[in-house]
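Sequential numbering from 1 applies to the sequence shown in UniProt numbering.
Structure record follows, encoded as structure tokens.
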Amino acid sequence: MSTTPLLDDVALFFTACMRDPARPQACARVLCACVHIIDGHEFDEPFAPDVRYRTPQSDGYEYIRKTHHEYLNSCAAFLSLPRSKEETRELRIDAIICMCSLPEHEDARRLVQWLHTFGAARLDFELEDLVQALVRHLAGILDHAVTSKTIGGLTAVGGLKKHRRKYAKIPLWPTDTNQLIPHGLERSMKGYAGSLGLFLCIRFHEALLFFNMLLVICGHSIIMPVVNVDFDWPSRVTDLADALLGERRAAFGKPVDASTEQSWKDTLVLLTQCAEHFSDTRILNARDINLLACVGTVVDADEEQVESRGLLFVCHLLIRHLPRFLVGTSVFTQDDITRFTRIFALHGAVFYVHSLPYECLAVCPQIRNLFNAMQNTARAADPFILAFHGVKWAITMRRCSAPECDGTFMTAGRPLARCAGCGVLRYCSHECQKRAWKHALLSHRTICAKLRMLLEGTRLCRARVISADHGRQSFVNACNGDEGLGVLARGCADHMYDLMAMRYDISEAFMAEAYRELREGATNEGDYWRNGLTRPA
1 MSTTPLLDDV
11 ALFFTACMRD
21 PARPQACARV
31 LCACVHIIDG
41 HEFDEPFAPD
51 VRYRTPQSDG
61 YEYIRKTHHE
71 YLNSCAAFLS
81 LPRSKEETRE
91 LRIDAIICMC
101 SLPEHEDARR
111 LVQWLHTFGA
121 ARLDFELEDL
131 VQALVRHLAG
141 ILDHAVTSKT
151 IGGLTAVGGL
161 KKHRRKYAKI
171 PLWPTDTNQL
181 IPHGLERSMK
191 GYAGSLGLFL
201 CIRFHEALLF
211 FNMLLVICGH
221 SIIMPVVNVD
231 FDWPSRVTDL
241 ADALLGERRA
251 AFGKPVDAST
261 EQSWKDTLVL
271 LTQCAEHFSD
281 TRILNARDIN
291 LLACVGTVVD
301 ADEEQVESRG
311 LLFVCHLLIR
321 HLPRFLVGTS
331 VFTQDDITRF
341 TRIFALHGAV
351 FYVHSLPYEC
361 LAVCPQIRNL
371 FNAMQNTARA
381 ADPFILAFHG
391 VKWAITMRRC
401 SAPECDGTFM
411 TAGRPLARCA
421 GCGVLRYCSH
431 ECQKRAWKHA
441 LLSHRTICAK
451 LRMLLEGTRL
461 CRARVISADH
471 GRQSFVNACN
481 GDEGLGVLAR
491 GCADHMYDLM
501 AMRYDISEAF
511 MAEAYRELRE
521 GATNEGDYWR
531 NGLTRPA
């Protein structure tokens, strides 16, 4: 990693150049050199986008997040600024033609001259190179923030600020998620989508990682802007998996260097993150999942979609061919293959729920068997356990509970208020609460008092519910020991099941213990991959 004084100087210089995100005051070569150094690379190392994909990781990310908030704000402001085609064209010209002025201070002048020597073997650096490097860098920073659970402010997924107290004296960036959306949620998402669209034809990995991080932190607001910029975005995930498996087939039986194997593993980890986030009903509803995960390809003369290219197909394909990565390689272990298979089968079972008719014909048995097990477990589950998980789902949900509303914490810019009666369900407005109260099929009026009485009778406090499964057994024991509480629990379980299904939480509507346990295990394993398994031994 670069020495701290050098990193500090480069970060301050970059921030000064980016004061106006519409007009950076340096050429792309110099700015790429800055990002390269701050991302933890030695000056003479190859430019990261020019070599095989590796998960962006650096021992210096925590230091950068502590020390250089303005630098990171400038990165986010540049990437999230919406630009017209004309503005992008002018910026592309400015980036490639060096018009940099030399500072008067001798040390600063030497630094700028030195930065101009970066990547001497390259003829030039363009706007696309700068955007790709910044997206990769910021994706690594945000991945560090998500994995360490040290994000401040509102997030689409709960629990991401769990460890911020450790850094109370020197808070880590982002101290508030508004730092990621400096131009407002809608404009910033449009700007990010435009930035991602600049280099998709070069390499998709960095764009997908950054998209995953924005999904987790900012929610589904990023989806439509990205799809509007690149209609083929969902199928690019399939193309990425196809390319990985094609490369493995071509190299099968031949010597493969460790760096190539590690790149393959990092790509598989990226695909597991994609499957996890694209099946996460805390972030997405059925329409989002169908948009991202269900892709059909026209392959016959009648223009009927008969071939699946969605994420169910990706999970199916990867599970079938994962054993190939174990043959003749040194980086992969049997434990790796088992973990990858388990994760792809788990999330593949969720995509199976949303699959189109022609997708269900030839799904691998691992996915189909897990899907059937989830359904069978749900049918036989203890109604009191279903009630517990229904209440837990409602308490931890970070969006409006009105069946037809898609409002979230992020779209509202604040935590949504809970119903004053039950103290459980959240609504984004009085209008939504009134509609839910009088809803023809799922009237909140019929369940409000029951929920309150159930929580009071079982002494189930909110804080304990939010922690995974804390209080479950005492809740079940209380319902078994009191006939009245048992009746309330059964009624609440039925209502929550139906509400989840109408709220498009199809996977949650199974209420399957097997699914919950596997999902929690897969999430922990996802952290396991990100916390060091991707590093070479």
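Where is the CB? At the ideal position from N, CA and C, for every residue including glycine.
Roughly how many angstroms lie between the CA atoms of residue i and residue j, to the nearest whole one?
i	j	result
PRO24	MET18	5 angstroms
GLN132	LEU196	8 angstroms
GLU70	LEU180	12 angstroms
VAL30	LEU214	27 angstroms
ILE37	GLN57	13 angstroms
ALA22	ARG459	55 angstroms
ALA207	GLY484	54 angstroms
GLN366	VAL35	43 angstroms
ASN178	VAL331	40 angstroms
residue 554	SER474	Outside the shown range of the chain, which is 1 to 537, sits residue 554, and nothing can be said about it.
ASP498	LEU441	9 angstroms
residue 541	GLY253	No information on residue 541 is available, as it lies outside the stretch 1 to 537 that the chain covers here.
PHE510	ASN212	Note that PHE510 scores a pLDDT of 49, beneath 50, so its modelled location is shaky; the value from the coordinates is reported in the next line. For PHE510 and ASN212, the distance between alpha carbons rounds to 25 angstroms.
ALA28	ALA402	48 angstroms
PHE78	PHE43	23 angstroms
ASN285	HIS495	19 angstroms
GLY526	LYS149	Reliability fails at GLY526, whose pLDDT of 49 lies under 50, so the model's placement of it is uncertain and the value that follows must be treated cautiously. Each residue's Cα considered, the two are about 14 angstroms apart.
ALA417	ALA436	14 angstroms
ALA193	THR329	37 angstroms
VAL391	ARG398	13 angstroms
LYS438	CYS448	12 angstroms
PHE371	PRO383	20 angstroms
CYS364	THR446	43 angstroms
MET374	VAL353	11 angstroms
CYS400	ILE223	19 angstroms
CYS294	LEU154	29 angstroms
PRO225	THR281	20 angstroms
HIS220	GLY184	15 angstroms
ILE170	LEU326	44 angstroms
THR333	CYS479	46 angstroms
VAL350	ILE289	10 angstroms
ASP8	TYR53	27 angstroms
LYS434	THR411	20 angstroms
MET189	ALA243	28 angstroms
LEU130	ASP406	35 angstroms
CYS201	THR338	32 angstroms
Rounded C-beta distance between residue i and residue j? I'm assuming under 8 angstroms.
i	j	result
PHE13	LEU111	7 angstroms
LYS66	LEU142	Not quite, the Cβ-Cβ distance comes to about 15 angstroms (not below 8 angstroms), so this is no contact.
LEU198	LEU270	At roughly 20 angstroms, the Cβ-Cβ gap does not stay under 8 angstroms, so LEU198 and LEU270 are not in contact.
SER74	THR15	5 angstroms
HIS321	LEU245	5 angstroms
GLY348	LEU312	6 angstroms
Within 10 angstroms of its Cβ, does residue i collect 16 or more other Cβ (buried), or is it exposed?
i	result
SER84	exposed
PRO415	exposed
THR408	buried
GLU104	exposed
ALA11	buried
GLY159	exposed
TRP264	buried
ALA258	exposed
ILE64	buried
PRO323	exposed
PRO5	exposed
GLU86	exposed
GLY119	buried
ARG287	exposed
ASP20	exposed
ILE395	buried
HIS163	exposed
ALA33	buried
GLN262	buried
ARG109	exposed
residue 574	Nothing about residue 574 can be reported from this structure: the residues present for the chain run from 1 to 537 only.
Start-end ranges of the alpha helix (DSSP H) lying completely within the stretch 382-418, minimum 4 residues: 383-396, 409-412
Which complete alpha helix (DSSP H) runs does the stretch 195-248 hold, if anything under 4 residues is left out? 205-218, 223-229
Count the CB pairs spanning the stretch 416-423 and the stretch 450-457 that are closer than 8 angstroms, and state whether there are at least three. yes
Is the number of C-beta pairs between the stretch 340-355 and the stretch 272-284 that are closer than 8 angstroms three or more? yes
Is the stretch 229-240 close to the stretch 427-440, with three or more CB pairs under 8 angstroms? no
Do the stretch 383-391 and the stretch 481-495 meet, that is, are 3 or more Cβ pairs less than 8 angstroms apart? yes
Report yes or no: do the stretch 250-266 and the stretch 119-128 share at least 3 C-beta pairs separated by less than 8 angstroms? no
Where are the beta strand (DSSP E) runs, 3 residues long or more, that stay fully inside the stretch 311-376, in chain order? none
Any chance you could list the alpha helix (DSSP H) runs of at least 4 consecutive residues sitting entirely within the stretch 56-91, in chain order? 61-67, 69-79
For the stretch 420-475, which segments carrying the alpha helix (DSSP H) assignment without a break, of at least 4 residues, lie completely within its bounds, in sequence order? 430-437, 448-458, 462-466
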